[in-house]
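Peer 1: Quick note: the sequence shown uses this note's numbering, first residue 45, plus one each step.
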Amino acid sequence: MSQDYTLVIHGGAGEEMMLNTQVNEVIEFALQTALVLGSQVLQQGGSSLDAVQRSVEAMEDCFLFNAGKGSVFNKDGKNELEATIVDGSAGRSGSVACAKSVKNPIKAARCVMEKSSHALIVGDGVEEFLQGLEEKEKPVGPEYFYTDIRHRELTAKLSAGNTLKNNHPQTVGAVALDRWHRLAAASSTGGLVGKLKGRVGDTAVVGAGIYADDKLAVTCSGDGDAFLRHTVAQKIASLYHHKGYSLRQACREVMTENLKGFCAGIIAVDTKGDAIIETNAGHKSEFSHFMV
Numbered sequence: 045m046s047q048d049y050t051l052v053i054h055g056g057a058g059e060e061m062m063l064n065t066q067v068n069e070v071i072e073f074a075l076q077t078a079l080v081l082g083s084q085v086l087q088q089g090g091s092s093l094d095a096v097q098r099s100v101e102a103m104e105d106c107f108l109f110n111a112g113k114g115s116v117f118n119k120d121g122k123n124e125l126e127a128t129i130v131d132g133s134a135g136r137s138g139s140v141a142c143a144k145s146v147k148n149p150i151k152a153a154r155c156v157m158e159k160s161s162h163a164l165i166v167g168d169g170v171e172e173f174l175q176g177l178e179e180k181e182k183p184v185g186p187e188y189f190y191t192d193i194r195h196r197e198l199t200a201k202l203s204a205g206n207t208l209k210n211n212h213p214q215t216v217g218a219v220a221l222d223r224w225h226r227l228a229a230a231s232s233t234g235g236l237v238g239k240l241k242g243r244v245g246d247t248a249v250v251g252a253g254i255y256a257d258d259k260l261a262v263t264c265s266g267d268g269d270a271f272l273r274h275t276v277a278q279k280i281a282s283l284y285h286h287k288g289y290s291l292r293q294a295c296r297e298v299m300t301e302n303l304k305g306f307c308a309g310i311i312a313v314d315t316k317g318d319a320i321i322e323t324n325a326g327h328k329s330e331f332s333h334f335m336v
């Protein structure tokens, strides 16, 4: 590795994505933009925490990803967003879930980490907490999150029931190692299309879809309920720390043993600078990794 820092990002693991070339090119451009913005932070001597937040914010601002502006609708036709950011070197994290009027949930998650005594805030409590801060961000209305493609997905899901696959990208995420060997992870998502009101996925739960400590950082995407039930990110860390597995071996072991039959993708980085991507997603252009 020629650089003394590493950034890995992904735009979500989806099933059987059938996108035309033009849309795929736009998605690739959006991913590259998110990569550049995050890598600039690292190039300028910034922290891994700032880098992962910047990359995820960029993906939240793009309607093509299932996070922030591009979030899917729940069964009631509403948007409920979640995000987590983890400072591995400091052993701290912040999460939000079921947020309804937050433009950038990853920014809100960092506020929870740095400006509250809690690790997770849910529902109306997210907006109330943010409005109580000195530096307030203006809430956005439901029209901000509305896109025709997401509305069509909801209509199709409600018509087909559980037989319709989740053919849209899931959680977006980033992991980074900065030049001071500090690790961080960030993830954001709109969840599952047609989900029940109040459903919380793995993205908001440290140890399920995201994890970071002073040795490795992990983010996941795919079937969030499977990641929750199998505490996937924590299992990877446990194999790495206690069983002597390499980062790649740990990711592959969990993918094989716990995620067979589920749409899944994992990105990870450790203090050695090793960067890993493992995915069984049918369409891989969105679940891409970029190292700088």
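Just so you know, even glycine gets a beta-carbon here, dropped at the ideal spot from N, CA and C.
1) Would you mind working out which of Cys142, Arg154, Phe271, Ala220 sits nearest Ala257, comparing C-alpha positions?
2) On the DSSP bridge list, what partners appear for Arg136?
3) Along the alpha helix (DSSP H) that carries Leu291, what are the first and last residues, could you check?
4) For Ile310, write down the residues that DSSP places opposite it in a beta bridge.
5) Taking C-alpha atoms, which residue in Glu178, Ala152, Ser232, Phe107 lies nearest to Gly169?
6) Does DSSP put Val80 in a helix, a strand or coil?
7) On the DSSP bridge list, what partners appear for Val216?
8) Confirm, please, whether the CB-CB distance from Leu125 to Val146 is below 8 Å.
9) Using DSSP with H/G/I as helix, E/B as strand and the rest coil, what is Glu126?
10) According to DSSP, which residues form a beta bridge with Ile254?
11) Run through DSSP, which three-state label would Val156 get?
12) Cβ atoms of Gly242 and Cys307: under 8 Å apart, would you say?
13) For my contact list, Leu291 and Ala312 are in at a C-beta cut-off of 8 Å; report their separation, rounded to the angstrom.
14) For Thr323 versus Gly305, is the C-beta spacing smaller than 8 Å?
15) Distance check for Asp222 and Gly89, CA to CA, integer angstroms please.
16) What residue range is occupied by the uninterrupted beta strand (DSSP E) comprising His54?
17) Where does Ser329 sit, in a helix, a strand or coil, going by DSSP?
18) Specify the secondary structure class of Val184 as computed by DSSP and reduced to three states.
19) Around the Cβ of Arg273, are there at least 16 other Cβ atoms within 10 angstroms (buried) or fewer (exposed)?
20) Taking the straight line between their C-alpha atoms, what separation do you get for Arg226 and Ser203?
21) Counting pairs of Cβ atoms below 8 Å between the stretch 65-82 and the stretch 128-135, do you hit three or more?
22) Would Val96 pass as a contact of Ala228 if the rule is Cβ separation under 8 Å?
23) Secondary structure at Val116, three-state DSSP: helix, strand or coil?
24) Which of helix, strand or coil does DSSP assign to Leu93?
25) Going by beta carbon distance, what residues of the same chain come within less than 7 Å of Gly165, once the five residues before and after it are set aside?
Peer 2: Inspection of the coordinates gives the following:
1) Counting from 1 along the sequence shown, the entry for residue 257 is found at position 213. A small fix is needed here, since residue 257 is Asp in this sequence, not Ala. Comparing Cα-Cα distances from Asp257 to each of Cys142, Arg154, Phe271, Ala220, the minimum goes to Ala220.
2) Position 92 of the sequence shown, counted from the start, is the residue given in the question as residue 136. Asp131, per the DSSP bridge assignment.
3) Working through the sequence shown from its first residue, we reach residue 291 at position 247. First-last of the alpha helix (DSSP H) with Leu291: 291-302.
4) For the purposes of this step, residue 310 is identified with residue 266 of the sequence shown, where counting begins at 1. DSSP lists Cys264, Glu322 as partners of Ile310.
5) Indexing the sequence shown from 1 puts residue 169 at position 125. Among Glu178, Ala152, Ser232, Phe107, the Cα nearest to that of Gly169 is on Ala152.
6) As a first step, residue 80 must be located in the sequence shown, where it is residue number 36. Looking at Val80 - three-state DSSP - the assignment turns out to be helix.
7) Taking the sequence shown and counting its residues from 1, one reaches residue 216 at position 172. Bridge partners of Val216: Ser232.
8) Sequence index remark: in the sequence shown, residue 146 carries index 102 (1-based). Sequence index remark: in the sequence shown, residue 125 carries index 81 (1-based). The answer is yes: Cβ separation under 8 Å.
9) Taking the sequence shown and counting its residues from 1, the one referred to as residue 126 is at position 82. In the structure shown, Glu126 sits in a strand (DSSP, three-state: E or B).
10) What you label residue 254 is simply residue 210 of the sequence shown in a count that begins at 1. For Ile254, which the question treats as bridged, DSSP gives the partners Val250, Thr263.
11) Working through the sequence shown from its first residue, we reach residue 156 at position 112. Of the three classes helix, strand and coil, the one that applies to Val156 here is helix, per DSSP.
12) Reading the sequence shown from its first residue, position 263 is the one you call residue 307. Reading the sequence shown from its first residue, position 198 is the one you call residue 242. Remark: C-beta atoms of Cys307 and Gly242 do not approach each other more closely than 8 Å.
13) For the purposes of this step, residue 291 is identified with residue 247 of the sequence shown, where counting begins at 1. For the purposes of this step, residue 312 is identified with residue 268 of the sequence shown, where counting begins at 1. Yes, they are in contact, since the Cβ atoms of Leu291 and Ala312 sit about 5 Å apart, within 8 Å.
14) Walking along the sequence shown from the start, residue 323 turns up at place 279. Walking along the sequence shown from the start, residue 305 turns up at place 261. Cβ distance not < 8 Å, so Thr323 and Gly305 don't count as in contact.
15) Locating residue 89 in the sequence shown gives position 45, where the first residue counts as 1. Locating residue 222 in the sequence shown gives position 178, where the first residue counts as 1. C-alpha separation (whole angstroms): 8 Å.
16) The count along the sequence shown starts at 1 and reaches residue 54 at position 10. For His54, the enclosing beta strand (DSSP E) has its first and last residue at 50-54.
17) The residue you call residue 329 lines up with position 285 of the sequence shown. Low confidence applies to Ser329: its pLDDT is 44, below 50, so where it sits in the model is not reliable, and the reading given next is rough at best. Looking at Ser329 - three-state DSSP - the assignment turns out to be coil, as it is neither helix nor strand.
18) By 1-based counting over the sequence shown, the position of residue 184 is 140. For Val184, the secondary structure class from DSSP, reduced to helix, strand or coil, is coil.
19) Residue mapping note: residue 273 aligns to position 229 of the sequence shown, counting from 1. Exposed.
20) Counting from one through the sequence shown, the residue named residue 226 turns up at place 182. Counting from one through the sequence shown, the residue named residue 203 turns up at place 159. Distance between the alpha carbons of Arg226 and Ser203 is about 47 Å.
21) no
22) Position 52 of the sequence shown, counted from the first residue, corresponds to residue 96. Position 184 of the sequence shown, counted from the first residue, corresponds to residue 228. Against a cut-off of 8 Å, the Cβ pair of Ala228 and Val96 comes out as a contact.
23) Looking up residue 116 in the sequence shown gives position 72. It is coil, neither helix nor strand.
24) What you label residue 93 is simply residue 49 of the sequence shown in a count that begins at 1. Leu93: helix per DSSP, three-state reduction.
25) Position 121 of the sequence shown, counted from the start, is the residue given in the question as residue 165. The residue asked about is misnamed: residue 165 is Ile in this sequence, not Gly. Excluding positions up to five away in sequence, the list reads Val140, Val156, Phe173.
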